[in-house]
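Student:
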Amino acid sequence: MRNFTFIKAQDLEEVSQLLFAHHEHSCILAGGTDLLVQLHEKSKRWAELDVVIDLHPFQAELSQIEDIGSALRIGTLCTHTEIERSFLVNRYLPLLSKACSVVGSPQIRNMGTVGGAVCNASPASDPLPPLIAAGAELAIHGCGYRRKALLSDFYDDMGMPKLEPGEFVTAFEVRKLQPSERSSFVKLGRRKALAISRLTVAVILDFQKDGTIREAAVVPGCVGRRVKRYRQAELMLCGQRPSEALIASAAAQVTEQMLAENGRRWSSAYKEPALTALVERALNSASYGAEDRL
Ligand SMILES: Cc1cc2nc3c(=O)[nH]c(=O)nc-3n(C[C@H](O)[C@H](O)[C@H](O)COP(=O)(O)OP(=O)(O)OC[C@H]3O[C@@H](n4cnc5c(N)ncnc54)[C@H](O)[C@@H]3O)c2cc1C
Numbered sequence: 037m038r039n040f041t042f043i044k045a046q047d048l049e050e051v052s053q054l055l056f057a058h059h060e061h062s063c064i065l066a067g068g069t070d071l072l073v074q075l076h077e078k079s080k081r082w083a084e085l086d087v088v089i090d091l092h093p094f095q096a097e098l099s100q101i102e103d104i105g106s107a108l109r110i111g112t113l114c115t116h117t118e119i120e121r122s123f124l125v126n127r128y129l130p131l132l133s134k135a136c137s138v139v140g141s142p143q144i145r146n147m148g149t150v151g152g153a154v155c156n157a158s159p160a161s162d163p164l165p166p167l168i169a170a171g172a173e174l175a176i177h178g179c180g181y182r183r184k185a186l187l188s189d190f191y192d193d194m195g196m197p198k199l200e201p202g203e204f205v206t207a208f209e210v211r212k213l214q215p216s217e218r219s220s221f222v223k224l225g226r227r228k229a230l231a232i233s234r235l236t237v238a239v240i241l242d243f244q245k246d247g248t249i250r251e252a253a254v255v256p257g258c259v260g261r262r263v264k265r266y267r268q269a270e271l272m273l274c275g276q277r278p279s280e281a282l283i284a285s286a287a288a289q290v291t292e293q294m295l296a297e298n299g300r301r302w303s304s305a306y307k308e309p310a311l312t313a314l315v316e317r318a319l320n321s322a323s324y325g326a327e328d329r330l
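Below, the structure written as structure tokens:
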């Protein structure tokens, strides 16, 4: 384990001041499920770390899930368990609730937070595809200011969070799904328990009254450095009624784009059919309400 100074700040402004003063030598501690493992393994990412700032003094403020009209505001310190069990998330963002329900184990879900999942920036993070599919925004606190950013713009080309010195995340604002929208989240893990995802897919389909798809969001996880919407497949779905053939073509398109962008790797022989099958399953589930098995 690395040596570092552990600080509990008095208020959120002091957190920003400390991050600014110790830029490149400091980080936030949320649930610690990623950070402590990385520190224990002496990850190169933290080779220069001197200061760890604990967010828990602000738990009450940063663990709320609120209905703010057309969106939900989810505090950065909300754990996966809190999100999974939230009435509001279940009602308005069922795909996020499902994603949080399959993170790791009960212990990991009780400690790990949504802010940590997003800021750790792993493309294998389960809540990321649903948040990106729903167009989530981040609330960011900096030295003397607050700003918002789209989660889809939050990572640089290397897949690292775009936070300026002094900045940290306080909450996520995620639009509520409308009655005309149906969603799904499916995950393929290595084992049933404690499984970091091998592949995930989040889907949101917005249906017109005549049964055609008005808008689609298709977001695979674990397929590249950055989690993002697969727009070509989405466009294939728009204006069409779901059918076996349409779903098969859209799924094949996602896999084609994954291979075109990431190239063939040792895992492609496995990922190619698995991703096609998973996208088909997610689209079937969102289209027909078929049960999306894990
Ligand atoms: C055994 C095991 C199994 C796991 N299984 C899964 C799984 O199945 N699915 C899955 O998605 N994840 C899994 N994880 C990963 C992990 O639990 C999640 O990513 C978790 O949500 C991280 O949240 P945390 O609060 O613990 O983050 P922390 O470890 O506290 O922080 C992670 C990173 O984010 C930064 N950070 C945290 N909060 C903020 C903030 N508000 N602003 C700016 N930076 C911040 C920290 O500085 C650190 O760099 C697993 C982890 C373990 C150890």
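In this text, residue positions in the sequence shown follow the numbering used here: the first is 37, and each later residue adds one. Backbone N, C-alpha and C define an ideal beta-carbon position, used for all residues, glycine too. None of the values given here were measured: they were computed from a predicted structure.
Looking at the unbroken beta strand (DSSP E) that takes in V210, where does it start and where does it end?
Tutor: Run containing V210: 204-211, per the beta strand (DSSP E) assignment.
Student: Determine the contact status of F350 and D86, defining contact as a CB-CB distance below 8 Å.
Tutor: Coverage of the chain is limited to positions 37 through 330, which leaves residue 350 absent and any answer about it impossible.
Student: Between L36 and L91, which are expected to be in contact by the criterion C-beta below 8 Å, what is the C-beta distance as a whole number of angstroms?
Tutor: Outside the displayed range of the chain (37 to 330) lies residue 36, so it cannot be described from this structure.
Student: If you run the structure through DSSP and keep just helix, strand and coil, what is L91?
Tutor: Reduced to three states, the DSSP call for L91 is coil.
Student: On the CB-based measure, 16 or more other CB atoms within 10 Å of its CB, does K356 come out buried or exposed?
Tutor: It is not possible to answer for residue 356, since the shown part of the chain is limited to 37 through 330.
Student: So, with DSSP's three-state summary, where would you put R234?
Tutor: Reduced to three states, the DSSP call for R234 is strand.
Student: Relative to the C-alpha of L55, which candidate in E280, G178, T312, Q289 has its C-alpha closest?
Tutor: Nearest C-alpha to L55: G178.
Student: When the Cα atoms are used, what is the spatial distance from G202 to P278?
Tutor: Straight-line Cα distance between these residues: approximately 47 Å.
Student: Any idea what DSSP makes of A252, helix, strand or coil?
Tutor: DSSP places A252 in strand when its eight states are reduced to three.
Student: Less than 8 Å between the CB atoms is what I'm expecting for S321 and V222, so what's the real figure, rounded?
Tutor: Indeed they touch by this definition, with Cβ atoms about 7 Å apart.
Student: For H61, which of helix, strand or coil comes out of DSSP?
Tutor: If DSSP states are grouped into helix, strand and coil, H61 belongs with coil.
Student: Let me check you understand the geometry: is the CB of G68 closer than 7 Å to at least one non-hydrogen atom of ligand 1?
Tutor: Yes.
Student: Cα-Cα, which of G148, E77, F204, P309 is closest to Y181?
Tutor: Per the Cα distances, F204.
Student: Cutting at 8 Å between CB atoms, please list the residues of its own chain near D242, excluding the five before and the five after it.
Tutor: Closer than 8 Å at the Cβ level, and outside the excluded window around D242, lie Q214, S216, E217, I249, R250, E251, A252.
Student: Check whether the Cβ atoms of G68 and T115 sit closer than 8 Å, and answer yes or no.
Tutor: For G68 and T115, no; Cβs fall outside 8 Å.
Student: What three-state label does DSSP hand E200 in the structure shown?
Tutor: E200: coil per DSSP, three-state reduction.
Student: Could you tell me the distance, in whole angstroms, from the CA atom of A318 to the CA atom of V239?
Tutor: Straight-line Cα distance between these residues: approximately 6 Å.
Student: In three-state terms, what does DSSP make of V51?
Tutor: V51 falls in the helix class under three-state DSSP.
Student: Could you give the DSSP three-state label for S137: helix, strand or coil?
Tutor: Reduced to three states, the DSSP call for S137 is helix.
Student: Would you mind stating whether I168 and V263 have Cβ atoms separated by less than 8 Å?
Tutor: Yes, they are a contact pair.
Student: Hey, is M194 close to ligand 1, as in C-beta under 7 Å from one of its heavy atoms?
Tutor: Because no heavy atom of ligand 1 lies under 7 Å away, the Cβ of M194 does not count as near it: no.
Student: Do C155 and ligand 3 come close, with the Cβ less than 7 Å from some heavy atom?
Tutor: No copy of ligand 3 appears in this structure; the ligands present are ligand 1.
Student: Are P256 and V210 close, meaning C-beta to C-beta below 8 Å?
Tutor: In this structure, V210 does not lie closer than 8 Å to P256 by Cβ.
Student: Is any heavy atom in ligand 1 found nearer than 7 Å to the beta carbon of T353?
Tutor: Look at the range of the chain in this structure, 37 to 330, and you will see that residue 353 is not part of it.
Student: From E102, T206, G225, G299, pick the residue whose C-alpha is nearest to that of L124; which is it?
Tutor: Ranking E102, T206, G225, G299 by Cα distance to L124 puts E102 first.
Student: Counting C-beta neighbours from all protein chains within 10 Å, is the total for L330 16 or more, i.e. buried, or is it exposed?
Tutor: Unreliable positioning characterises L330 in this predicted model, as indicated by a pLDDT of 43, which lies under 50. A coordinate reading is not provided.
Student: Using only the alpha-carbon positions, how far apart do K245 and R109 sit?
Tutor: Rounded to whole angstroms, K245 to R109 spans 29 Å at the Cα level.
Student: State the CB to CB distance for the pair M294 and S285, rounded to an integer number of angstroms; the pair is presumed to be in contact (CB under 8 Å).
Tutor: That pair is no contact at about 15 Å.
Student: Contact check, E334 vs A185 under 8 Å by CB: the rounded distance?
Tutor: Any question about residue 334 goes unanswered here, given that the chain covers just 37 to 330.
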